[in-house]
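> Protein chains in written order, with the working numbering: chain X, 949 to 1105; chain H, 949 to 1105. Think of the CB as a built atom: it goes at the ideal place given N, C-alpha and C, for glycine as much as any other residue. The structure follows.
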DNA sequence: GAGATAATATTTAGGCTTGAAATATTTATG
DNA sequence: CATAAATATTTCAAGCCTAAATATTATCTC
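Next comes the structure, spelled out in structure tokens:
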């Protein structure tokens, strides 16, 4: 029971916030759906795979499984399966960590690095195609507001 | 025109658009994750279930399976499973459509309607709690921009 | 009407996701 | 040293999600 009793008739603020969230979700889903379809069609891949490769591309020395799941903000068990499949496809390696036999470092293979570079270029241009029209009219400000929103959300945790 | 707002190197537009998308995705994920956790903890339910109930609550006469999947922007086969479970839990009914033996109308039961009303109130206040701080500083404009973004995205399809 | 095409819903196969429990290893404590 | 606590990862069960295949019913065209 929150201290805000929004059930009063003349209190549209919570409705406005709800609408804001629904709009955010809708825009996000449209973009995500299109990107997922592109990844599937062009590279026979998926968003989660792309996200893992992106993280490993950025951290060249590799990431431990737990670090990977932190960076991606997904559960531990989730990453295991995705990495399993990437290993099977030769894009990623599990390397033992010296001095800690519990941990494994996940790293891109040469092929993984090459493949991702191509995919990342395509991905960037897909996003650009989707957003360029909107962004030409105040996209920078909007982007900054999104950043503020995220910060405001993270403060609450 | 704030095209060269960044550094002297003038980052390409596509990078800015990519950042916009990543910020949108991040904000969306934070909210979604928190809502999902709340639904699970408070009502032993999930987002997809909530979404289905919300759609059926809005369309009192019920929706065909295909209409439901259109409204929710998810695949046909997906809805089948969710509705199966909602039927099993007594929140939803499948009703034959007179004159078309292919189609089924999905409708809330009395219990479904009652349960959802409670959940929707809670959901609205969760969202309000998350967004009220941010929304107090220009949230209305931001919301309108989100709406424009969605329209711009939908024009491209 | 007959046959083709479209609409509707389900099933299937494969992958994604979570939280909880299980396993293995390391570190801290008595 | 022994044992408990903490850390790292995997496994598991359940549900979510998609695209493709299937089955049934409706509609269209000739």
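By how many angstroms is the C-alpha of residue 1022 of chain H removed from the C-alpha of residue 981 of chain X?
10 Å
> Can you say whether residue 1030 of chain H is buried or exposed, counting buried as having 16 or more other CB atoms within 10 angstroms of its CB?
buried
> Would you call the segment 962–980 of chain H and the segment 998–1007 of chain H touching, i.e. three or more CB-CB distances under 8 Å?
no
> Return the chain-ordered list of same chain residues with a C-beta closer than 8 Å to the C-beta of residue 984 of chain H, the five sequence neighbours on each side being excluded.
Within the same chain, Cβ atoms closer than 8 Å to the Cβ of residue 984 of chain H are found at 994, 995, the five residues on either side in sequence being excluded.
> Is the CB of residue 971 of chain H under 7 Å away from at least one CB in chain X?
yes
> Taking C-beta to C-beta, are residue 1054 of chain H and residue 1011 of chain H nearer than 7 Å?
Between residue 1054 of chain H and residue 1011 of chain H, the C-beta gap is smaller than 7 Å, which places the two residues in contact.
> Report yes or no: do the segment 1088–1096 of chain X and the segment 1086–1095 of chain H share at least 3 C-beta pairs separated by less than 8 Å?
Result yes; three or more Cβ-Cβ pairs closer than 8 Å.
> For residue 1060 of chain H, which residues from the same chain have a beta carbon less than 6 Å from its beta carbon, with the 5 sequence-adjacent residues on both sides left out?
1039, 1040
> How long is the line joining the alpha carbons of residue 1079 of chain X and residue 979 of chain H, rounded to whole angstroms?
The alpha-carbon atoms of residue 1079 of chain X and residue 979 of chain H are separated by roughly 22 Å.
> Of the residues that make up the segment 1063–1076 of chain X, which ones have a beta carbon closer than 7 Å to any beta carbon in chain H?
1072, 1073, 1075, 1076
> Can you tell me which of X:1002, X:972, X:977 puts its alpha carbon nearest to the alpha carbon of residue 1064 of chain X?
X:1002
> Tell me the rounded alpha-carbon separation between residue 1097 of chain X and residue 1074 of chain X.
25 Å
> Mind listing the chain X neighbours of residue 1096 of chain H? Cutoff is C-beta to C-beta under 7 Å, in chain order.
Those within 7 Å of residue 1096 of chain H in chain X are 1082.
> Please classify residue 1050 of chain X: is it buried, with 16 or more other beta-carbons within 10 angstroms of its beta-carbon, or exposed?
Classification for residue 1050 of chain X: exposed.
> So, with DSSP's three-state summary, where would you put residue 1059 of chain X?
helix
> What would DSSP say about residue 1037 of chain H, mapped onto helix, strand or coil?
coil
> Determine, for residue 965 of chain X, whether the minimum Cβ-Cβ distance to residues of chain H falls below 7 Å.
yes
> Tell me which residue opens and which closes the alpha helix (DSSP H) that residue 996 of chain X is part of.
995–1006
> For residue 1087 of chain H, which residues in chain X fall below 8 Å Cβ to Cβ?
Residues of chain X with a Cβ closer than 8 Å to the Cβ of residue 1087 of chain H are, in chain order, 964, 965, 968.
> Out of X:1046, X:1034, X:1044, X:1047, point me to the one whose CA is closest to residue 1057 of chain X's CA.
X:1034
> Got a sec, what are the start and stop residues for the alpha helix (DSSP H) residue 1100 of chain X sits in?
1087–1103
> When we look at the beta-carbon of residue 1076 of chain H and count the other beta-carbons within 10 Å, is it buried (16 or more) or exposed?
buried
> Along the segment 999–1033 of chain H, what residues have a CB closer than 8 Å to any CB found in chain X?
1021
> At least one CB of chain X closer than 7 Å to the CB of residue 989 of chain H: is that the case?
no
> May I ask which residues mark the beginning and end of the alpha helix (DSSP H) holding residue 976 of chain H?
Where residue 976 of chain H is concerned, the enclosing alpha helix (DSSP H) stretches over 961–991.
> Contact criterion: CB-CB distance below 7 Å. Does residue 975 of chain H meet it with respect to chain X?
yes
> Could you check what DSSP says for residue 1051 of chain X in three-state terms: helix, strand or coil?
strand
> Going by DSSP, what residue range makes up the alpha helix (DSSP H) through residue 1019 of chain X?
1013–1020
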